[in-house]
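Residue numbers for the sequence shown, in UniProt numbering: 1 to 455. A quick write-up on the structure given underneath.
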Amino acid sequence: MTESLISPSSPQPTRRASSPTDLPVVVVGGGPAGLMAAQVLASAGVPVHLYDAMPSVGRKFLLAGKGGLNLTHSEPLDPFVSRFGGRSAVLAPWLQTFGGPEVRAWAEGLGVSTFVGSSGRVFPTDMKAAPLLRAWLHQLRQQGVQFHMRHRWLGWGSDGALNFQAPAGPVRVEARAVVLALGGGSWARLGSDGAWQALLRERGVAVSPLRPSNCGFDVAAPGRLAAAPADGAAEASPAVGWTPFFSQRFAGQPFKSVALRFSAPDGTVFERRGEFVATASGVEGSLIYAVSAALRDAVAHQGQATFHLDLLPDHSAERVFSEVRHPRGSRSLSSHLKGRLGLEGIKMAILNELLSREALADPATLAAAIKALPITVVATRPLDEAISSAGGVAFEGLDEQLMLRESPGVFCAGEMLDWEAPTGGYLLTASLTTGRQAGLGVLHWLGQGSATSAA
């Protein structure tokens with residue numbers, strides 16, 4: 001099929017625009033970062049065409065909000081910025097101008113009221129993502145943004161035009177400037193498949209490999225191998241994951257009211273209370289996500305990482321030891337620990353899973369394990385299962401406007417940039433603020449405004 005040139009004003013093939021100033025700014029990617037960049041540009045009167053490979057925009061945004069859309073966090077700026085770790089200094093100036101309070105005001109401007117939950121997280125009053133997205137898209141369409149769905153970006157042609165694959169065939173698009181907001185590498189079925197990495201590397205752009213972030217882990221099962229078939233034809237499976245009994249009985253169940261401590265190889269220490277869940281082969285959930293970056297990096301460097309779990313953080317070590325060694329008479333150990341300490345269910349099961357019979361029988365060893373049970377993880381779950389991804393376009397290859405140094409007029413935003421953050425509203429806020437900054441950068445590039453002006 002022959003290629004066609006799509007003009008800014010019509011989805012039908014037409015001739016080349018007569019002047020570069022007649023061309024639109026093209027945004028590639030319809031997630032929060034791309035939509036925010038489009039809003040900034042359209043608000044300044046710049047014609048914007050947004051292209052996305054999926055049938056509709058905001059798919060990951062909608063799925064993330066299925067259990068209650070966490071827009072941002074209410075904590076003060078300094079701790080908020082610190083959540084971005086090694087990229088805090090880069091993101092700080094943008095978060096100062098468009099952080100938590102500004103995200104709430106932006107949502108209010110779309111007619112969506114918000115509230116602060118008990119954890120400090122900020123949610124829409126109705127907890128839903130769809131009404132906010134509908135209001136946002138309505139505003140963007142009123143501002144003149146044109147949407148082109150089912151257009152998969154294939155890179156650049158030899159003349160610098162953008163190439164897309166659309167249902168009707170190849171499409172070639174010229175643009176005054178381009179904002180790439182293509183997402184990371186998690187949840188590929190929703191559009192963020194990371195395929196853009198090769199396209200940017202071909203242009204000399206520095207891209208760090210995408211890695212799982214806010215992810216689950218597979219645990220080690222030291223000394224345990226699954227029984228080989230009776231005929232001995234197959235080898236035993238590797239010592240990874242829970243025993244079949246624990247996996248079948250407790251996968252999906254939560255560890256509630258626990259505390260996790262992890263000492264990273266670089267000497268930093270993570271300590272936090274919370275909860276997480278057991279999976280068929282390991283662990284995941286909010287408390288694990290909070291420490292996932294440190295665990296992931298330790299596994300990458302050492303092959304494994306061990307954190308310690310306090311099953312009874314409200315009890316002192318002295319009290320636990322006293323209760324454990326209290327005479328139990330004819331009662332079983334499980335009945336004794338349940339009666340004296342309230343240990344039962346998955347908390348009792350994990351002790352039986354990881355401690356030898358001898359350790360369970362020794363009061364000092366058992367009490368120490370209750371307060372600091374070592375759990376070793378040996379691998380992250382696959383990138384596509386992660387909530388978000390780390391890695392991406394290196395900030396060193398971007399100027400302060402988020403424009404690629406190797407490709408003038410091309411800007412990047414959102415999760416495709418090399419930053420990561422825990423869950424809690426930080427991911428969405430950073431996607432929005434980098435999308436805003438990219439839009440302001442385009443205006444600066446076009447000579448239509450200061451890159452620090454308000455959107």
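Ideal Cβ placement from N, Cα and C applies to all residues, glycine included.
Inset, instruction - Measure from the alpha carbon of Glu284 to the alpha carbon of each residue in Thr423, Ala130 and Ala129, then state which is nearest. - result: Relative to Glu284, the option among Thr423, Ala130 and Ala129 whose CA is nearest is Thr423.
Legend entry - C-alpha gap between Leu383 and Gly120, whole angstroms: When rounded, the distance between both Cα atoms is 28 Å.
Inset, instruction - State the Cα-Cα distance for the pair Phe367 and Val320, rounded to the nearest angstrom. - result: Note that residue 367 is Ala in the sequence shown here, rather than Phe. Taking the straight line from one Cα to the other gives about 6 Å.
Legend entry - Spatially closest choice to Arg152 from Ala181, Ala130 and Ala177, by CA coordinates: If we check each option's Cα against that of Arg152, Ala181 comes out closest.
Inset, instruction - Return the bridge partner residues of Trp445 from the DSSP annotation. - result: Answer is none; Trp445 lacks a bridge partner.
Inset, instruction - Mind checking who Leu398 pairs with in its DSSP beta bridge? - result: In DSSP, Leu398 forms a bridge with Leu404.
Inset, instruction - Inspect the beta-carbon positions of Ala438 and Ala37 and report whether they are closer than 8 Å. - result: The answer is yes: Cβ separation under 8 Å.
Inset, instruction - Assuming Val112 and Pro131 form a contact by the criterion Cβ under 8 Å, report the distance between their Cβ atoms to the nearest whole angstrom. - result: Indeed, because the Cβ distance is near 6 Å, the residues count as touching under 8 Å.
Inset, instruction - Could you say which of Phe270, Phe307, Leu63 and Pro24 lies nearest to Val48 if we only look at CA atoms? - result: Of all alpha-carbon atoms in Phe270, Phe307, Leu63 and Pro24, the one lying nearest the alpha-carbon of Val48 is that of Pro24.
Inset, instruction - Whole angstroms is fine: what's the gap from Gly68's alpha carbon to Gly30's? - result: Each residue's alpha carbon lies about 21 Å from the other.
Inset, instruction - Pick helix, strand or coil for His326, following the three-state DSSP scheme. - result: Residue state, collapsed to three classes: coil.
Legend entry - Touching by the beta-carbon criterion (3+ pairs, under 8 Å), the region 131-150 and the region 375-390: Because the criterion of three Cβ pairs below 8 Å is not met, the region 131-150 and the region 375-390 do not touch.
Inset, instruction - Quick one: grab the DSSP three-state call for Glu202. - result: Coil, per DSSP.
Inset, instruction - Tell me, please, which residues DSSP counts as bridged to Glu284. - result: By DSSP's assignment, Glu284 forms a beta bridge with Val277.
Inset, instruction - Would you mind reading off the limits of the alpha helix (DSSP H) that contains Val40? - result: Here the alpha helix (DSSP H) through Val40 covers Pro32 to Ser43.
Legend entry - Ala239 and Ala251 closer than 8 Å at C-beta: No. Outside cutoff.
Inset, instruction - Keeping to the same chain, check which residues put their C-beta closer than 6 Å to that of Gln197; ignore five residues upstream and five downstream. - result: For Gln197, where only same-chain residues beyond five positions count, the Cβ hits under 6 Å are Val207.
Legend entry - Spatial neighbours of Glu353 in its chain, beta-carbon cut-off 6 Å, leaving aside the 5 residues before and after: Take Glu353, set aside five residues on each side of it, and the residues of its chain with a beta-carbon closer than 6 Å to its own are Phe246, in chain order.
Legend entry - Cutoff 6 Å; reference Trp187; Cβ partners in own chain excluding five residues on either side: Excluding sequence neighbours, Trp187 sits near Lys60.
Inset, instruction - Would you mind working out which of His326, Ala135 and Arg172 sits nearest Leu35, comparing C-alpha positions? - result: Ranking His326, Ala135 and Arg172 by Cα distance to Leu35 puts Ala135 first.
Legend entry - Residues near Thr279 in its chain [Cβ-Cβ closer than 7 Å; skip 5 each side]: Closer than 7 Å at Cβ, skipping near neighbours: Gly216 and Ala251.
Legend entry - CA nearest to the CA of Trp41, picked from Leu95, Phe84 and Gln139: The amino acid at residue 41 is misidentified as Trp; the sequence shows Leu. For Leu41, the closest of Leu95, Phe84 and Gln139 by C-alpha to C-alpha distance is Gln139.
Inset, instruction - Have a look at Asn214 and Leu404 and give me their C-alpha separation to the nearest angstrom. - result: Approximately 27 Å, taken between the alpha carbons.
Legend entry - Option nearest Leu110 by Cα separation, candidates Leu137, Glu275 and Arg381: Selected option, being the one with the closest Cα: Leu137.
Legend entry - Beta carbon of Val122 nearer than 8 Å to that of Gly425: Cβ distance < 8 Å, so Val122 and Gly425 count as in contact.
Inset, instruction - Note down the Cα distance separating Ser158 from Arg203, rounded to an integer number of angstroms. - result: So the alpha carbons of these two residues sit roughly 12 Å apart.
Inset, instruction - Using three-state DSSP, classify Lys66 as helix, strand or coil. - result: DSSP, read as helix, strand or coil, puts Lys66 in coil.
Inset, instruction - Please classify Glu174: does DSSP put it in a helix, a strand, or coil? - result: Glu174 falls in the coil class under three-state DSSP.
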